[in-house]
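The opening position of the sequence shown corresponds to residue 0 in numbering that gives the first Met the number 0, with each subsequent residue numbered one higher.
Think of the CB as a built atom: it goes at the ideal place given N, C-alpha and C, for glycine as much as any other residue.
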Amino acid sequence: MGIRENLSDVLERIDAAARRSGRKGSDITLVAVSKTVEPALMLEAADAGARVFGENRVREAEEKKAMQWPDGVSWHMIGHLQRNKAKTAAGIFDMIQSVDGIELARHIDRHAGALGKAMPVLLEINMGSEESKTGFAPDNIFGAADEIAALGNIRVEGLMAIPPYCENPEDARPYFRRLARLRDELEQRGYGFGKLSMGMSHDFEAAIEEGATIVRVGTAIFGERNRR
Ligand SMILES: *Cc1c(COP(=O)(O)O)cnc(C)c1O
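What follows is the structure in structure tokens.
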């Protein structure tokens with residue numbers, strides 16, 4: 000199948016899963032994960048209606064963003080961000096989904112401030128406490144959220160997670176549910192943020208059923224990635 004067909008298939012599945020959770024497909028933001036993907040293929044996706052690209056490397060995103068894109072295309076950082084790239088990242092991204100530490104948040108805040116903007120971010124949670132992944136431990140998020148919310152040039156809009164890989168998406172469901180509950184607990188503490196970025200190609204339907212408002216889908220749109 001081509002990219003246009005893949006995209007419309009993913010959008011239909013998003014719509015169906017949203018309805019199962021009492022919402023509409025338009026309530027869910029699809030991030031087309033375009034890391035390693037050639038710009039020509041991304042343009043096909045944009046022409047077919049994709050409006051948010053997810054990248055995990057600053058340099059790659061910077062080069063791609065400088066090309067010609069339809070109006071309204073936006074760029075989300077979804078990979079681990081090194082502090083020394085925070086300045087460039089603050090300049091090019093419309094959202095940084097992968098804020099995984101307080102020091103990084105401070106760096107983004109400082110550079111966003113210098114650019115006169117408030118950077119929308121999500122706080123990344125390491126749901127499975129995996130050593131191979133960065134992110135806040137679920138138990139530490141309350142103190143971290145207090146500190147990061149106090150920064151003036153960052154707007155915390157919600158939580159993001161990449162749960163441990165599960166062959167069967169049903170096995171990822173408890174992680175999705177736990178992340179949704181964490182978001183609810185933060186809301187009860189007075190945080191007005193509601194975004195939940197969870198779910199990838201093989202499990203986005205389960206994630207939506209558990210409350211995802213943003214899904215990050217690469218392979219199901221663009222096909223298998225080349226390994227770097
Ligand atoms: C690569 C990546 C995705 C997309 O994964 P697919 O399985 O190709 O859909 C989603 N989120 C993050 C953080 C990624 O790095």
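Any non-hydrogen atom of ligand 1 closer than 7 angstroms to residue i Cβ
i: residue 100; result: no
i: residue 216; result: yes
i: residue 34; result: yes
i: residue 201; result: yes
i: residue 78; result: yes
i: residue 161; result: yes
i: residue 55; result: yes
i: residue 219; result: yes
Contact check, residue i vs residue j, beta carbons under 8 angstroms
i: residue 231; j: residue 74; result: It is not possible to answer for residue 231, since the shown part of the chain is limited to 0 through 227.
i: residue 40; j: residue 216; result: no
i: residue 228; j: residue 114; result: Residue 228 falls outside the range modelled here, since the chain spans only 0 to 227, and no answer is possible.
i: residue 53; j: residue 77; result: yes
i: residue 122; j: residue 143; result: yes
i: residue 175; j: residue 197; result: yes
i: residue 205; j: residue 169; result: yes
i: residue 47; j: residue 12; result: no
i: residue 221; j: residue 7; result: no
i: residue 35; j: residue 225; result: yes
i: residue 193; j: residue 212; result: yes
i: residue 135; j: residue 99; result: yes
i: residue 151; j: residue 112; result: yes
i: residue 178; j: residue 140; result: no
i: residue 207; j: residue 17; result: yes
i: residue 180; j: residue 157; result: no
i: residue 171; j: residue 9; result: no
i: residue 38; j: residue 66; result: yes
i: residue 31; j: residue 15; result: no
i: residue 191; j: residue 20; result: no
Residue interval of the beta strand (DSSP E) (run including residue i)
i: residue 57; result: Looking at the DSSP string, residue 57 is not in any beta strand (DSSP E); the run it does join, the alpha helix (DSSP H), is 57-64.
i: residue 155; result: 153-160
i: residue 53; result: 51-54
i: residue 31; result: 28-32
Contact belief for residue i with residue j at Cβ below 8 angstroms, rounded distance in angstroms
i: residue 126; j: residue 69; result: Going by Cβ atoms, the distance from residue 126 to residue 69 rounds to 35 angstroms, so no, they are not a contact pair.
i: residue 57; j: residue 23; result: Incorrect: roughly 34 angstroms between the Cβ atoms, too far for contact.
i: residue 82; j: residue 62; result: Incorrect: roughly 21 angstroms between the Cβ atoms, too far for contact.
i: residue 155; j: residue 148; result: 5 angstroms
i: residue 91; j: residue 45; result: Actually they do not touch by this definition, with Cβ atoms about 17 angstroms apart.
Endpoints, the alpha helix (DSSP H) within which residue i is located
i: residue 218; result: 218-221
i: residue 9; result: 2-19
i: residue 44; result: 38-46
i: residue 148; result: 140-148
heavy atom of ligand 2 below 7 angstroms from residue i C-beta
i: residue 213; result: Ligand 2 is not part of the structure shown, which contains ligand 1 as its ligands.
I'd like the ranges of any beta strand (DSSP E) spanning at least 3 consecutive residues and lying wholly in the region 75-127.
The region 75-127 contains these whole beta strand (DSSP E) runs: 94-98, 118-124.
At 4 residues or longer, what runs of the alpha helix (DSSP H) sit wholly inside the region 168-204?
If we require 4 residues or more, the alpha helix (DSSP H) runs fully inside the region 168-204 come out as 168-187.
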